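Participant:
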Amino acid sequence: MSSPVSSSESSSFERLHPEVQQWVWSQGWTSLRDAQEWAVPALVGADRDVIIAASTAAGKTEAAFLPILTNLLNNSEPAGAVLYISPLKALINDQWDRLSRLCERLELPVVAWHGDVAASKKQRFLKSPKGILLITPESLEALFVNRGSSLPEAFQNLRYIVVDELHAFIGSERGKQLQSLMQRVESVVGRALPRVGLSATLGEMSLARKFLRPARADDITVIESKSSGQELQVQVRGYMEQPMQQLVAEYLGHASADDGADKEDTSGTKAAIAGHLYKVLRGHNNLIFPNRRQEVEWFADRLRSLCENDGVPNEFWPHHGSLSKELRQDAERALKAGDPPASAVCTTTLELGIDIGNIRTVAQIGCPPSVASLRQRLGRSGRRPGEPAMLRAYCRERPLTDQSDLSDQLREGLVQTIAMIRLLTTGWFEPPRSGGLHASTLVQQCLSSIAQLGGASVVQLWGSLIASGSFASVTKPDFLALLKGMGEKELIVQDSSGLLLPGELGERLINHYEFYTAFTSDEEFRLLLDGKSLGSLPVSKPLTKGQRIIFGGRRWQVQDVDLEAKVIVVTPARGGEPPQFDGLGAQVDDRVRLEMRNVLMETTSCPFLDKHAQALLEEARSNFRALGLGDAAIIGSASVSHVATWRGDYTNDALALLLMHVGIQCENTGLFLKVAFGGEDTLRALRVVGQMDISDVEPVLENVENMIREKWDWALPRSLLMKTFASSHLDLQAAVNTARLLSLES
DNA sequence: GACCTGCTGCGGCATG
36 MSSPVSSSES SSFERLHPEV QQWVWSQGWT SLRDAQEWAV PALVGADRDV IIAASTAAGK
96 TEAAFLPILT NLLNNSEPAG AVLYISPLKA LINDQWDRLS RLCERLELPV VAWHGDVAAS
156 KKQRFLKSPK GILLITPESL EALFVNRGSS LPEAFQNLRY IVVDELHAFI GSERGKQLQS
216 LMQRVESVVG RALPRVGLSA TLGEMSLARK FLRPARADDI TVIESKSSGQ ELQVQVRGYM
276 EQPMQQLVAE YLGHASADDG ADKEDTSGTK AAIAGHLYKV LRGHNNLIFP NRRQEVEWFA
336 DRLRSLCEND GVPNEFWPHH GSLSKELRQD AERALKAGDP PASAVCTTTL ELGIDIGNIR
396 TVAQIGCPPS VASLRQRLGR SGRRPGEPAM LRAYCRERPL TDQSDLSDQL REGLVQTIAM
456 IRLLTTGWFE PPRSGGLHAS TLVQQCLSSI AQLGGASVVQ LWGSLIASGS FASVTKPDFL
516 ALLKGMGEKE LIVQDSSGLL LPGELGERLI NHYEFYTAFT SDEEFRLLLD GKSLGSLPVS
576 KPLTKGQRII FGGRRWQVQD VDLEAKVIVV TPARGGEPPQ FDGLGAQVDD RVRLEMRNVL
636 METTSCPFLD KHAQALLEEA RSNFRALGLG DAAIIGSASV SHVATWRGDY TNDALALLLM
696 HVGIQCENTG LFLKVAFGGE DTLRALRVVG QMDISDVEPV LENVENMIRE KWDWALPRSL
756 LMKTFASSHL DLQAAVNTAR LLSLES
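Dropping the structure here:
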């Protein structure tokens, strides 16, 4: 038999099990891809941890599973099993299809296990725990809680743990949960299991290593596929909103903030953008990202009616997290089929790995949330060889008045978009914030471990959760304070022998299915003005009394924060017009802000802008010079100053807190710190902050009212809450360094 | 005023 893949060319192919080789032949593959080639020697012996980083089209799944299945077939007594963990149910369903076809002839079962899978199918794996188990972190958590005593049997023949879309876990409380679960699986089987991470988007490999195996990150074998060097075509288009007076008039017409965003104020510009999308996108498969669900709905509706008006079949489908599964699947099916042409108007739901076919253009309306996200979105486009990835970005700006905010004067949205695209083309994207403590998830893991084992001692919990490396930065006093706090809140009780058991509240929470997720939806605060509700607001910035916030297109001052009732009492604040650009609520990285300064300082034109965008950029640059921002970091009057740090939000948020700590009223508005003092006082305060010792976060965070972010934060002792908050949301050291630099330069 | 992800066990009833 002559084979398309010959053993003389590939020693890796030769090492695959004959049945696996048969499958490769049956696919008609002429060779193994580079990642697949390298993965065989790394994985076939099941003796080390491996990260496979390769673009979506490079066959990562096969790279991992061809050698893994070879190992299972070569050593079939006792029959081995693989634990595959995925962040998405949809991805599990996709992979189940692929792996089932691969495993058909190998007589290895492939079992999908997530919330939509029937209990009877799950039983199949428990009765005969072999083959591949595809599972979510939450379902794995549920196994620990509900079947703790049967896990040693179910897991005893595990040979590998595979984590798909590794990047999606790094830096979040869900990622912490996953790390802890992997550790607990190994603890159940009594030995380390090879961990295999798969991803397309891993920037700094050291972070991915540290995530996959915190205690032995340096021993991990990394397989990085050569990038395709794909061509990128970009156009940024600028659009001008209607004059400001109309907005003000309309605002006064209806003061309630939560009914407003889609009135006539911006729809003229939006209609122009929709018209352009319709013209250039129809006839192909595309993805359109307007950043917000509400906007997704608006554009999907507008594009559909444009089709109807022209008497042509609709090609535009909405897709976001609030839509039913059925509606989302309609959009996914239309994209996958690709004929007739179909485009999705979507949120981040279509960023991750599920297979949606070949995409021609990615349209970004408004600023992308991050370079990493933009990169992920573009990874969906131009995936056929020789086809470029195409990005069309649409930026809206407002006419300037003498009341305009600095953000508008500097065309923040446009400039940030340009900066992000430039960084993207250099290959840079934001590293995940992997240093978060996520003490919230430690509370969950304590309760889960207690449920799994039917009670656990303090020493046991310390060993399996903290000494094991999952929550390595938690100190002994912190851990004891955490357990004490959990006792006070009736989450746990201690019996006479010292064993920790679920308390009354703990029992109730553990036995509800909500327990299995480590994350929760954003806490929303209601804004009250004179006892009347202005609407509700998910609060992502640290909040102190007296601080100013923007809501519903107006400025407010915080008078009181009630954490229990989730209410913020406000009064109107004076000041100019609030800016157009709201930064999406995403945290901007230091590097992006520095690049924004570069964009503003340069004088050469930018090749990928249309003429309107180019004119807006020229305007921003001339305002930048007129404001003196080329030379000075602090501008303003005797009573108000603006500090341009050109740093990201983790740094700026921290610097704002430090300035307030030394008595300077201050807020982080994104591009600037707005300070309620003149330049001289501000400079003096920066000098003080530049000399601060921030090794103890407690004094600095003393007055922050809203540090509760993650699911179990409410159960933490205040000192640990401060540490966990600072670790995930602030860059205090960078703030001190920035203050020192600014005070030296000025 | 970003966005997204995920979820058990068991009783009761109908059906083959």
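Numbering-wise (our numbering), the first sequence opens with residue 36 and increments by one.
Positions of the beta carbon are idealized from the N, C-alpha and C atoms, including for glycine.
Nothing here was measured: the structure is a model prediction, and the numbers come from that model.
1. Could you compute how far the alpha carbon of E780 sits from the alpha carbon of E239?
2. Mind reading off the beta-carbon distance from Q486 to V180? Whole number of angstroms is fine, and I expect it under 8 Å.
3. In three-state terms, what does DSSP make of W58?
4. Assuming V596 and N741 make a contact with CB atoms under 8 Å, what is their CB distance in whole Å?
5. Taking buried to mean at least 16 other C-beta atoms within 10 Å of its own C-beta, is D84 buried or exposed?
6. Taking DSSP's pairing of strands, which residues face A428 in a bridge?
7. Should L370 and A379 be called a contact, given that it needs their Cβ atoms to be closer than 8 Å?
8. Please list, in chain order, all residues of the same chain as L563 whose beta carbon is under 6 Å from its beta carbon, the five residues on each side excluded.
9. Counting only runs of 4+ residues fully inside the segment 517–576, write out the alpha helix (DSSP H) ranges in chain order.
10. Under the rule that 16 or more other beta-carbon atoms within 10 Å means buried, what is M211, buried or exposed?
11. Just to confirm the assignment, what range does the alpha helix (DSSP H) spanning H696 have?
12. So the candidates are G713, W747, G490, D684; which of them puts its Cα closest to the Cα of E549?
13. Please report how far the alpha carbon of I527 lies from the alpha carbon of G448, in whole angstroms.
14. Let me know if Q768 comes out buried or exposed under the rule of 16 or more other beta-carbons within 10 Å of its beta-carbon.
15. Ordered along the chain, which non-local residues of its own chain (more than five positions away) have a Cβ less than 8 Å from that of T773?
16. Is it the case that the Cβ atoms of I196 and A74 are separated by a distance below 8 Å?
17. Looking only at its chain, what residues have a beta carbon closer than 8 Å to the beta carbon of L126, apart from the 5 residues adjacent to it on each side?
18. Taking just the CA atoms, how far does L721 sit from L694?
19. Give the single residue among A335, N349, T461, T384 whose Cα lies nearest to the Cα of S357.
20. What did DSSP end up calling S354 once you bin it into helix, strand or coil?
21. Grab me the residues of S492's own chain with a C-beta within less than 8 Å of its C-beta, minus the 5 sequence neighbours each way, in chain order.
22. Going by alpha carbons, who is nearest to L598 out of W749, S508, Q700?
23. Which first and last residues belong to the alpha helix (DSSP H) in which A372 is found?
24. Which same chain residues end up closer than 8 Å to E361 when comparing Cβ atoms and leaving out the 5 residues on each side of it in sequence?
25. Can you grab the Cα-Cα spacing for the pair A70 / R50, in whole Å?
26. Indicate whether H473 and E208 have their beta-carbon atoms separated by less than 8 Å.
27. At the level of alpha carbons, what is the spacing between D132 and L629?
28. Which residues in the same chain as L141 place their Cβ atom closer than 7 Å to its Cβ, once the five residues preceding and following it in sequence are excluded?
29. Once the 5 residues before and after A366 are set aside, which same chain residues still bring their CB inside 6 Å of it?
30. Going by C-alpha to C-alpha distance, which of R656, A189, H764 sits closest to V224?
31. Do Q399 and F324 have their C-beta atoms closer together than 8 Å?
32. Grab the span of the alpha helix (DSSP H) containing H647 for me, first residue to last.
33. Could you tell me if the beta carbon of V494 falls within a distance shorter than 7 Å of some heavy atom in the ligand SAH?
34. For K524 and A600, I'd like the C-alpha separation in whole angstroms.
35. Just mark S155 as buried or exposed, buried being the case when its beta carbon has 16 or more other beta carbons within 10 Å.
36. Under a Cβ-count criterion, where at least 16 other Cβ atoms within 10 Å of its own Cβ denotes burial, should A407 be classed as buried or exposed?
Facilitator: Looking at the coordinates:
1. So the two alpha carbons sit approximately 31 Å from each other.
2. Checking the displayed sequence, the identity of residue 486 turns out to be Ala instead of Gln. At roughly 5 Å, the Cβ-Cβ gap stays under 8 Å, so A486 and V180 are in contact.
3. helix
4. 6 Å
5. Flag for D84 reads buried.
6. V271, Q399
7. yes
8. V602, V604
9. 539–545
10. The sequence given here places Lys at residue 211; Met does not occur at that position. K211 should be labelled buried.
11. 684–696
12. W747
13. 49 Å
14. exposed
15. Excluding sequence positions up to five before and after T773, its CB lies within less than 8 Å of the CB of T680, R682, T686, L690, all in the same chain and listed in chain order.
16. no
17. D199, E200, L387, G388, I389
18. 7 Å
19. Of all alpha-carbon atoms in A335, N349, T461, T384, the one lying nearest the alpha-carbon of S357 is that of T384.
20. The sequence as given places His at residue 354; Ser does not occur at that position. If DSSP states are grouped into helix, strand and coil, H354 belongs with the strands.
21. G533, L534, L535.
22. W749
23. 360–372
24. none
25. Roughly 15 Å separates the two Cα atoms.
26. yes
27. Whole-angstrom Cα-Cα distance: 45 Å.
28. E54, L104, L108
29. W352, H354, A379
30. Here the closest residue by C-alpha is A189.
31. yes
32. 646–661
33. The ligand SAH is absent from the structure shown, which contains no ligand whatsoever.
34. 19 Å
35. S155 is exposed by the Cβ-count criterion.
36. buried
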